[in-house]
Amino acid sequence: MTELAAVLPDDPLRDEIEQFARTHRLAERTRALDARPEFPWNEFRAMGKAGWLGLTMPPEHGGRGLPLRRAGVLLQEFGFQTGTAFAKLSLQPEFSSILAAHGSDAQRLRLALPLARGETLVGNQITEPKAGSDLSLLTTKVEHRGGRLFLTGTKSQVAFAADAQTAIVYARSDRAGATGVSAYAVPQDVPGIERRIIGDLGECWMRRGTVKYASVELSPDQLIGEEGRGLEYLKVELTHERALLGAIYLGVARASWEETVREAGNRIVFDGPLSDQEAVAFPLVEDGTRLAAAWLYCERVLDRLDRGERADDAAAMSKWFATDVALTTIDHAIQFHGGRGYSKELPHEQRWRDVRSGMLAHGTSEIMHRVAARRRWPKGRRSPGRRP
Ligand SMILES: Cc1cc2nc3c(=O)[nH]c(=O)nc-3n(C[C@H](O)[C@H](O)[C@H](O)COP(=O)(O)OP(=O)(O)OC[C@H]3O[C@@H](n4cnc5c(N)ncnc54)[C@H](O)[C@@H]3O)c2cc1C
């Protein structure tokens, strides 16, 4: 049977992740976080100390400086060993990599390094009640009045609404022209900020929610990089994130798949193992094939990005495809474990709920298709034979 494990590259750090996950009981902690959502500060700090935060971030910014492809292998392993929570935490410095790439020395020292050490949590606030997929609709704004700056607007659905100590807020600056969006590092404990948590289907520990800014005063040194270039910076970060997130979901699905393959070999029905039933065995063979194929595609995309090729469309395709394959695989795990598969006694239902976020966060699956389609058929281009 083709399986993902057979096509994964060996890496000594994979063994270290397994050991770290066992020592800190991360798989159990992932289950507990579902029942009692909170930010796992102890584990976050331990990950920082052990060098598991910011795998691709340069060492001078607290990371390991690994190529994206190798980081993908390791994030897959985190997903396999622990579920999505700690794999995504490992990516947290990458989610804020514009700090390291474009921030001032002070911002790097105050935010990027402590984030990679697990000492502070930085969230990202892009989405608004009327602007998610279409970022041209953002209305949160920064106004310059009498030499002072004021931030006003509402960010919604953002992860770590309750726990982030600082957020990178994307807002229109009145000095950057009609289309210019800038990124600002905004402490979350200053006057004029109101935070509200919403309940979620999965990944509840992220405590997503709404953050309102009512004329919050900023200082000029809170601007990250240049005014009006926020979305341009974000695009590069998002491409890397999308390619790496696929690796996490495939790792989580591998865990469910391997457990289901074992179950199918052990459970006796109608005088033989469940695996004798082709209705069960064939979908499992297909899932194993798809997991391996999706991984090889994901790895290839990461490799292309490492070589500096433009691959935003491939990263988008890799994310929707990996998420789709992972969800189908976990769904079969629920089904072929019978009634227990649907219960909280087994991890599959939580894995399904957690991975389901992959069709929405960091760009929805539809938007991933749109990114790929736009690359093939750039908007506004007409076929040469078309009459006006
Ligand atoms: C778990 C999770 C964590 C998140 N974390 C953050 C965070 O930390 N920070 C942050 O800023 N945001 C975060 N988000 C929000 C997320 O980025 C948005 O939900 C997402 O971008 C979609 O935007 P929307 O919800 O406004 O949906 P809309 O953009 O209104 O879309 C609604 C539906 O229409 C579809 N659609 C929209 N336009 C098109 C189109 N052109 N073609 C085809 N279909 C289309 C969408 O795919 C979707 O199915 C998070 C979301 C989730 C689920």
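According to numbering that gives the first Met the number 0, the sequence shown is numbered sequentially starting from 0. Think of the CB as a built atom: it goes at the ideal place given N, C-alpha and C, for glycine as much as any other residue.
Sub-9 Å separation of G179 and E226 beta-carbons:
yes
Quick one: give me the first and last residue of the beta strand (DSSP E) that Y169 is part of.
165-172
Check R68 in the structure and name its three-state DSSP category.
helix
For L295, I'd like the list of residues in its chain whose CB is within less than 7 Å of its CB, leaving aside the five on either flank, ordered along the chain.
V6
Would the stretch 271-291 and the stretch 210-222 be scored as touching if the rule is three or more Cβ pairs under 8 Å?
no
Neighbour-count burial assignment, T22, 16 or more Cβ in a 10 Å radius:
exposed
Nearest to T126 (by Cα), restricted to the options Y183, H336, K154
K154
Does the Cβ of E93 lie closer than 8 Å to at least one heavy atom of ligand 1?
no
Could you say which of G229, G208, F335, G198 lies nearest to A280 if we only look at CA atoms?
F335
G152: beta carbon under 8 Å from a heavy atom of ligand 1?
no
For D14, I'd like the list of residues in its chain whose CB is within less than 6 Å of its CB, leaving aside the five on either flank, ordered along the chain.
none
Segment limits, alpha helix (DSSP H) that includes S274
Looking at the DSSP string, S274 is not in any alpha helix (DSSP H), and its letter there is neither H nor E.
Pairwise C-alpha distance: G271 and P92
50 Å
The stretch 316-324 in contact with the stretch 28-44 per 3-pair CB rule at 8 Å:
no
Under the criterion of a Cβ to heavy atom distance below 8 Å, does L7 qualify as lining ligand 2?
This structure lacks ligand 2; the ligands present are ligand 1.
Between G131 and ligand 1, is the CB less than 8 Å from at least one heavy atom?
yes
Can you grab the Cα-Cα spacing for the pair S255 / N41, in whole Å?
27 Å
Cβ separation of I167 and N123, assumed to be a contact under 8 Å, to the nearest whole Å
5 Å
For my contact list, L73 and D10 are in at a C-beta cut-off of 8 Å; report their separation, rounded to the angstrom.
7 Å
Around the C-beta of P387, are 16 or more other C-beta atoms found within 10 angstroms, so that it is buried, or is it exposed?
Legend: pLDDT at P387 = 43, less than 50; position of this residue unreliable, value from coordinates given subsequently. Its Cβ having fewer than 16 others within 10 Å, P387 is exposed.
With hydrogens ignored, establish whether the beta-carbon of F159 is closer than 8 Å to any heavy atom of ligand 1.
yes
If you drop the 5 nearest sequence neighbours on each side, which residues of the same chain put their C-beta closer than 7 Å to that of A400?
Any property of residue 400 remains undetermined from this structure, which presents the chain solely from 0 to 387.
With DSSP run on the structure shown, which of helix, strand or coil describes K378?
coil
Roughly how many angstroms lie between the CA atoms of R28 and R355, to the nearest whole one?
20 Å
When we look at the beta-carbon of W204 and count the other beta-carbons within 10 Å, is it buried (16 or more) or exposed?
buried
Does P57 come within less than 9 Å of chain B when only Cβ atoms are used?
In the structure shown, chain B does not exist; there is a single protein chain.
Candidates D173, I333, K129, F159: which alpha carbon is nearest G146's?
D173
Can you grab the Cα-Cα spacing for the pair A263 / S274, in whole Å?
5 Å
Whole alpha helix (DSSP H) runs in the stretch 35-80 with 4 or more residues, listed along the chain?
40-49
Residues in the same chain with beta-carbon distance under 8 Å from F79, minus the five sequence neighbours each way, listed in chain order, please.
G250, V251, R253, A254
What does the Cβ neighbour count give for T83, buried or exposed, with the cut at 16 atoms within 10 Å?
buried
With H, G and I counted as helix, E and B as strand and the rest as coil, what does DSSP make of H368?
helix
If you count every other CB in all the chains shown that lies within 10 Å of the CB of A372, and 16 or more means buried, which is it?
exposed
Go through its chain and collect everything with a Cβ distance to K378's Cβ below 6 Å, but skip five positions before and after it.
none
Which partner residues of G208 appear in the DSSP bridge assignment?
V157, I196
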